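Novice: A single structure is presented below for examination.
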Amino acid sequence: MNTRHGINWERAQALVERERHAFAEAMPKSRALSERAAHHLLFGVPLHWMNDWSTPFSLYVDQALGATFTDVDGHRYADFCLGDTGAMFGHSPVPVARAIAAQAERGLTTMLPGEDVAWVGEELARRFGLPYWQFAMTASDANRFALRWARAATGRRQIVIFNGCYHGTVDDVFVDLVDGKPQQRDSLIGQVHDLLETTRVIEFNDLAALENALKDGDVACVLAEPAMTNIGMVLPEPDYWRQAQALMRRYGTLLAIDETHTISCGPGGYSRAYGLEPDLFILGKPVGGGFPCAVYGFSAELAARAQHAKRSAPPGHSGIGTTLTANMLAMSAIRATLAEVMSDAAYDHMFALAERIEPGLKSAIARHGLAWCVTRVGARTEFQFTPTPPRNGAEAGRQLDPELEHIVHLYLLNRGVLITPFHNMILVCPDTSVADVDRLVSTFDACLAELT
């Protein structure tokens, strides 16, 4: 018998053909829309990422509310993808939808501040512990701008990232370790500049590698997720961040923490939950309840250095900011999310459900004799095709199997359960129910029964 990650591969191939046929039969309206879109949309979709799903053609959504969505053919889904974190607090939260509707009648964008900005700045400082804030349209932009400020404030060109990281479409971070050597990511489209000149890449959880990267004093900042979530999931080892931050302080290197995914750890993110003290704090898509916006915060010391750098620079464009940044509509969405959605009660509910998912998945995996593991950080859970949780990006990358992932994902989708198309990430939101969770676990169990 041919096996892969403990799966009967001949059985898996037969199953995926059956599931692709079942999807095509059940989705005539989605098929028709896909065929129509192919005439004028490059790759047939508005963003080529939308072809990364496991389906033979795109699944078109009619409505998404709370923890569920309905496709154009009338099928309803329990959504554990939640827009790949953009809708981490549910689709179209009522307070956010209400705030956006009200603001839309009073103006969308003026390139002048509206009255929400002072409240938002105060709340961000209170919640996350950094006193000064700026805004962006996406986490990609916020990370890009954070790197500029870090380089300007320190006068250094180099940055450090972790192997297997993802921080949005920021050129500087698309460097991997291949057989232990830095290499620009092969998949980049239209890349011209040599990223290896200013980007150093090391493995997560490796303090010796971190010190070696920092010790020449040329590194402006380390850009990192506190737990890696874009190559499967890699958790920090005990005391890693305390020692890592001590090294950064010793060598005058800033820490820029990207909490766009790890905001799943609580109202103040991983940093407040576990005592990190970043110089820069970046939070993207969920902070506006799914509306396009992002925030990034500065420590007092860095803010002073950043202001000095800006005042000392010649007149002209700084390379930071866009015309629609901090528009009134986005600020109303951020205010509503912070004030009424990202609450302690919401997180308590989400944590309880994630704590139900984790043992449920583990039990199903054990029942079918598979050497897989389940990893969780707050309200975010991941099953991985390896017996023990990976400790760095290289280990996490080796367990990825997009073909097997697509088989499992399509099986779940055809039974009304959606998880993220990139690896095996599972999210819950304040509207997710115990029944939704039990449906996920039982359907996952049924899938494994057919594959083993």
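If you use the numbering used here, the sequence shown corresponds to residues 7 to 458, in order.
Using N, Cα and C, we set each Cβ at its ideal position, and we do this for glycine too.
Note that the structure is a prediction, hence the values are computed from the model and not measured.
Closest by CA to L220, which one among L261, I237, G186?
Specialist: Nearest C-alpha to L220: L261.
Novice: Compute the beta-carbon to beta-carbon distance between D122 and M337, rounded to the nearest angstrom, for a pair I have assumed lies under 8 Å.
Specialist: D122 to M337, Cβ: 4 Å. Contact.
Novice: DSSP puts T91 in a beta bridge; with which residues?
Specialist: Paired residues: none, contrary to the question.
Novice: So A93 and G296 are in contact, right, with Cβ under 8 Å, and what is the actual spacing, rounded?
Specialist: Correct: roughly 5 Å between the Cβ atoms.
Novice: Would you kindly check if the distance between the Cβ of D79 and the Cβ of V67 is under 7 Å?
Specialist: No; because the gap between Cβ atoms is not below 7 Å, this pair is not in contact.
Novice: Sort G135, L406, L201 by Cα distance to D285 and report the nearest one.
Specialist: Considering only alpha carbons, the answer is G135.
Novice: Measure the CB-CB distance between G384 and S277 and report whether it falls below 7 Å.
Specialist: The answer is no: Cβ separation not under 7 Å.
Novice: Just to confirm my understanding: we take I413, look at its own chain, exclude 5 residues before and 5 after, and list those with CB closer than 6 Å. What are they?
Specialist: Hits under 6 Å: A18, V22.
Novice: Assign N8 to one of two classes, buried (16 or more other C-beta atoms within 10 Å of its C-beta) or exposed (fewer than that).
Specialist: N8 is exposed by the Cβ-count criterion.
Novice: Quick one: what's got a C-beta closer than 7 Å to R382's C-beta in the same chain, skipping five residues either side?
Specialist: A360, E364.
Novice: Report, in whole angstroms, the separation of the C-beta atoms of P244 and T91, which I expect to be a contact under 8 Å.
Specialist: Not quite, the Cβ-Cβ distance comes to about 26 Å (not below 8 Å), so this is no contact.
Novice: Would you kindly work out how many angstroms separate the C-alpha atoms of G170 and I13, rounded to a whole number?
Specialist: Rounded to the nearest angstrom, the two C-alpha atoms are 26 Å apart.
Novice: Taking W139 as the reference, give the member of C227, F304, R162, H173 with the closest Cα.
Specialist: Of C227, F304, R162, H173, the residue nearest in Cα terms is F304.
Novice: Tell me whether N14 sits in a helix, a strand or coil according to DSSP, three-state version.
Specialist: It is a strand residue.
Novice: Name the DSSP beta bridge partners of Y138, please?
Specialist: Paired residue(s): F304.
Novice: With a floor of 4 residues, list each alpha helix (DSSP H) that falls wholly inside the region 141–182, ordered by position along the chain.
Specialist: Entirely contained in the region 141–182, the alpha helix (DSSP H) runs reaching 4 residues are, in chain order, 145–160.
Novice: What residue range is occupied by the uninterrupted beta strand (DSSP E) comprising T438?
Specialist: No beta strand (DSSP E) contains T438, which DSSP labels as neither H nor E.
Novice: Could you pull out every residue in the same chain whose Cβ sits closer than 6 Å to the Cβ of G327, ignoring the five residues on either side in sequence?
Specialist: Within the same chain, G327 has no close Cβ partners at all.
Novice: Use the C-beta contact count for Q390: other C-beta atoms within 10 angstroms, 16 or more gives buried, fewer gives exposed.
Specialist: Its Cβ being crowded by 16 or more others within 10 Å, Q390 is buried.
Novice: Which residue spans inside the region 319–385 form an unbroken alpha helix (DSSP H) run of at least 4?
Specialist: With a minimum length of 4 residues, the continuous alpha helix (DSSP H) runs that stay inside the region 319–385 are 334–342, 350–373.
Novice: If distances are taken between C-alpha atoms only, which option among A84, V100, V181 comes closest to R421?
Specialist: Among A84, V100, V181, the Cα nearest to that of R421 belongs to A84.
Novice: With distances taken Cα to Cα, identify the nearest neighbour of E307 among T259, V301, L289.
Specialist: Nearest C-alpha to E307: T259.
Novice: Determine the contact status of A233 and T268, defining contact as a CB-CB distance below 7 Å.
Specialist: Against a cut-off of 7 Å, the Cβ pair of T268 and A233 comes out as a contact.
Novice: Residues in its own chain within less than 7 Å of R154 by CB, not counting five upstream and five downstream?
Specialist: Taken in chain order, the residues that qualify are G325, I326.
Novice: For the alpha helix (DSSP H) holding M254, just list the boundary residues, first then last.
Specialist: Per DSSP, M254 belongs to the alpha helix (DSSP H) from 246–256.
Novice: Buried or exposed for T61, please, with buried defined as at least 16 other CB atoms from any protein chain shown within 10 angstroms of its CB.
Specialist: Buried: at least 16 other Cβ atoms inside 10 Å.
Novice: Check for me: the beta strand (DSSP E) holding V67 runs from which residue to which?
Specialist: Start and end: 67–71.
Novice: Round the Cβ separation of I340 and V126 to the nearest angstrom and send it over; I've been treating them as touching at under 8 Å.
Specialist: Their Cβ separation, rounded to whole angstroms, is 5 Å, which keeps I340 and V126 in contact under 8 Å.
Novice: Just the Cα atoms here: how many angstroms apart are G240 and G399?
Specialist: The identity of residue 240 in the sequence shown is Val, whereas the question assumes Gly. Going from the Cα of V240 to the Cα of G399 covers about 7 Å.
Novice: Check the C-beta distance from T144 over to M334 and give it rounded, since I have them as a contact under 8 Å.
Specialist: Rounded, the Cβ-Cβ distance is 18 Å, inconsistent with contact.
Novice: Check L286 in the structure and name its three-state DSSP category.
Specialist: Reduced to three states, the DSSP call for L286 is strand.
Novice: With distances taken Cα to Cα, identify the nearest neighbour of D224 among R163, S318, V198, W59.
Specialist: Closest option to D224, Cα to Cα, is R163.
Novice: Smallest Cα separation from R255: which of L216, M348, A20?
Specialist: The shortest C-alpha separation from R255 is found at L216.
Novice: Three-state secondary structure (DSSP) at P119?
Specialist: Three-state result, P119: coil.
Novice: Please name the residue in A230, P395, E401, T387 whose C-alpha comes closest to that of V443.
Specialist: Considering only alpha carbons, the answer is T387.
Novice: DSSP three-state label for E6, please.
Specialist: No information on residue 6 is available, as it lies outside the stretch 7 to 458 that the chain covers here.
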